[in-house]
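Visitor:
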Amino acid sequence: MFDRRSMMKGVGAAGAMAMSARSYARILGANDRIRVGIVGVNGRGQAHMSAFTKQPNTEVTYFADVDSAVLAKRADGFAKRHGHKVETTGDYRRLLDAKAVDVITVATPDHWHAKVAIDAMNAGRNVYIEKPIGIAPAEGEALIAAQKRTGRVLQVGNQQRSSVETRQLLDLVRAGELGEVYEAQTWYANNRKSIGKGEIVAPPANLDWAMWQGPRPRGPYRSNLVHYNWHWFWKYGTGELCNNAMHELDVARWLMGLAYPTSATARGGRRFYRDDDWEMYDSLALTLGFEDGRRIRWDGESCNGMLRYGRGRGVLLLGTKGSAVVDRNGFELYDLAGKQIREVKAAAESETTGTVGEGALDVLHAANFLGVIRGTESALHSPIVEGHISTTLCHLGNIAYRTGGSLTLDPKTGKPREAAAQKLWSVDYEPGWEVRG
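Dropping the structure here:
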């Protein structure tokens, strides 16, 4: 007879792929405790800790991080807050065989997301993966293939898809409250400072630099790269588009019922602190055009915190009967004269422009993920196919920016027709660390 651990690891095998969420739940037991291992605990991983410890019959049991100082600090703080210790490791691969781990969440730097998630699914684990799902569109394709092959539950961390208020707005849009929604304008505004000029130096003793680089080709350590500024280097990061626009572009196309665009145009550059090491844009205007003439725009300002509609981030829907402004904490409806006719606020707030992004939506999104595992909920709010489309929109913005500004796209796959852009659909890997579906 299979024990619980054998069942959990074997459910993704070819012979069990037809198992439904509800039949899986009958074996697991809807009230059985699910044990969670978190990979990457410095930044967004803290939100994972908070969200999963709030779930019933769920226990956070393991932390993995390549920085031993961060690992010790987070484990100590967790024990003091929650009254029990977690196991710790500097190598996420230990979680793949750990008996105390049923679910793995991924909150690493972007270049690690797809690799950890695929390895975890191959080991029979269900996975909660932070956005962006990968550092290039090909990694999203690999994740889709791995999820389909293993049959694992894979939730993408677009937590606004679990917003009660945003889902309420979705129903109103589908019911025709705004008429035909022909355009979405989205934005992000922050006041980031210079990252300065770094130096090539030896990595600190507490950081496993080779493991931090993971799937990416090996290179020297830079003093201003870890733990956050990697976002602004093309080798490891995906810029403000995948870092933040991912949320609003996802919400916009979800509410509008859109998939891949036919065109992408990106205009921007580095406007602030031009003498530092930041490699990317800090100001960018992206326009995505779709087959029926509708469009989605994103205006990103990394270093200019000017609010729009009183918000540092959000989505404006323009329709033939009215408009709506929505963010993580509620929405407002307006008539064609611009008069507000309705306001709906979230019962509990979520962080908007902070680097951890913690809030009530994390709790709801984790609950949906665990509910699908247990069979108490019928569908994920952000499955990998949806997460891949939204991530690809962001990658296309980056690719357009890097290859001259404009792309012509296949609306069935999102793939660019330009040769220079096609070369950025995938990335190179350190030998032995390839990402494969």
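Numbering-wise (the numbering used here), the sequence shown opens with residue 148 and increments by one. Backbone N, C-alpha and C fix where the C-beta goes; we use that ideal spot for every residue, glycine too.
Going by C-alpha distance, which of N371, A471, H394 and R339 is nearest Q315?
Guide: Here the closest residue by C-alpha is A471.
Visitor: Note the first and the last residue of the continuous alpha helix (DSSP H) segment covering R138.
Guide: There is no way to answer for residue 138, as the model of the chain reaches only from 148 to 584.
Visitor: Using a threshold of 9 Å, state whether the C-beta atoms of G461 and D474 are closer than that.
Guide: Against a cut-off of 9 Å, the Cβ pair of D474 and G461 comes out as a contact.
Visitor: Give the straight-line distance between the Cα atoms of G326 and G404, rounded to the nearest whole angstrom.
Guide: About 13 Å.
Visitor: Any idea what DSSP makes of E324, helix, strand or coil?
Guide: The answer is coil: DSSP assigns E324 none of H, G, I, E or B.
Visitor: Counting Cβ pairs, one atom from each stretch, are 3 or more of them under 8 Å apart for the region 190–197 and the region 245–264?
Guide: They touch, by the three-pair rule.
Visitor: Give the secondary structure of L465 by DSSP, where H, G and I count as helix, E and B as strand, and everything else as coil.
Guide: If DSSP states are grouped into helix, strand and coil, L465 belongs with the strands.
Visitor: Where does Q202 sit, in a helix, a strand or coil, going by DSSP?
Guide: DSSP places Q202 in coil when its eight states are reduced to three.
Visitor: What residues match up with N273 in a beta bridge as DSSP calls it?
Guide: V250.
Visitor: Between G323 and the rest of its own chain, which residues show a CB-CB distance below 8 Å, the 5 nearest in sequence each way excluded?
Guide: Same-chain partners within the cutoff: K468.
Visitor: Less than 7 Å between C-beta atoms, sequence neighbours within five positions excluded: which residues of the same chain meet that for A261?
Guide: Once the five neighbours on either side are set aside, the close Cβ partners of A261 are I280, G281, E286, A289, L290 and V582.
Visitor: What number of angstroms, rounded off, separates the C-alpha of T539 from the C-alpha of G457?
Guide: Roughly 29 Å between the two C-alpha positions.
Visitor: Using a Cβ-Cβ cutoff of less than 8 Å, which residues in the same chain neighbour V248 once the five nearest sequence positions on both sides are dropped?
Guide: The residues are R182, V183, G184, T208, Y209, L242 and R272.
Visitor: What is the residue span of the beta strand (DSSP E) that Q569 lies within?
Guide: Segment A566 to Q569 is the alpha helix (DSSP H) holding Q569; no beta strand (DSSP E) there.
Visitor: Could you have a look at A406 and say whether DSSP puts it in helix, strand or coil?
Guide: If DSSP states are grouped into helix, strand and coil, A406 belongs with coil.
Visitor: Per the DSSP calculation, I443 is bridged to which residue(s)?
Guide: For I443, which the question treats as bridged, DSSP gives the partners A331 and L435.
Visitor: How about A331 and L464: do their beta carbons lie closer than 9 Å?
Guide: Yes, they are a contact pair.
Visitor: Could you name each continuous alpha helix (DSSP H) segment of 4 residues or more that falls completely within the region 355–387, going from the start of the chain to the end?
Guide: Here the runs fully enclosed are 356–360.
Visitor: Would I488 be called buried (16 or more neighbouring beta carbons within 10 Å of its own) or exposed?
Guide: Exposed is the call here.
Visitor: Checking the sheet assignment: what are the DSSP bridge partners for G184?
Guide: According to DSSP, which records beta bridges pairwise, G184 is partnered with Y209 and I251.
Visitor: Does the distance from the C-beta atom of T385 to that of C541 stay below 9 Å?
Guide: In contact: T385 and C541 (Cβ atoms closer than 9 Å).
Visitor: Under 6 Å Cβ to Cβ from F516, same chain only, skipping five residues before and after it: list those, please.
Guide: Excluding positions up to five away in sequence, the list reads Y275 and Q302.
Visitor: When the Cα of A267 is compared with those of G466, P256 and T297, which residue comes out closest?
Guide: For A267, the nearest C-alpha among the options comes from T297.
Visitor: For H231, is the classification buried or exposed, using 16 other Cβ atoms within 10 angstroms of its Cβ as the cut-off for buried?
Guide: Counting Cβ neighbours within 10 Å, H231 comes out exposed, since fewer than 16 surround it.
Visitor: For E479, name the three-state secondary structure that DSSP assigns.
Guide: In the structure shown, E479 sits in a strand (DSSP, three-state: E or B).
Visitor: Let me know the secondary structure DSSP gives T560 once reduced to three states.
Guide: In this structure, T560 counts as coil in the three-state DSSP scheme.
Visitor: Sorted by chain position, which residues of the same chain lie with C-beta nearer than 8 Å to N204's C-beta, five sequence neighbours on each side aside?
Guide: Around N204: N178, D179, R180 and I181.
Visitor: Taking all protein chains shown into account, decide if Q569 is buried (16 or more other Cβ within 10 angstroms of its Cβ) or exposed.
Guide: Looking at its Cβ environment, which holds fewer than 16 other Cβ atoms inside 10 Å, Q569 is exposed.
Visitor: From what residue to what residue does the beta strand (DSSP E) around V303 run?
Guide: Run containing V303: L301 to V303, per the beta strand (DSSP E) assignment.
Visitor: When you compare the CB positions of T333 and L556, do they come within less than 9 Å of one another, or not?
Guide: No.
Visitor: When we look at the beta-carbon of E438 and count the other beta-carbons within 10 Å, is it buried (16 or more) or exposed?
Guide: Exposed, because fewer than 16 other Cβ atoms sit within 10 Å of the Cβ of E438.
Visitor: Compute the distance between the beta-carbons of L396 and W445, then report whether it is under 9 Å.
Guide: Contact flag set, yes.
Visitor: Taking 6 Å as the limit between beta carbons, can you name the residues of its chain near R339, skipping five residues before and five after?
Guide: Contacts found: S449 and C450.
Visitor: Would you tell me roughly how many angstroms separate the C-alpha atoms of I347 and L431, rounded to the nearest one?
Guide: Cα-Cα distance, rounded: 29 Å.
Visitor: State buried or exposed for N353, treating a residue as buried only when at least 16 other CB atoms are found within 10 Å of its CB.
Guide: So N353 counts as exposed.
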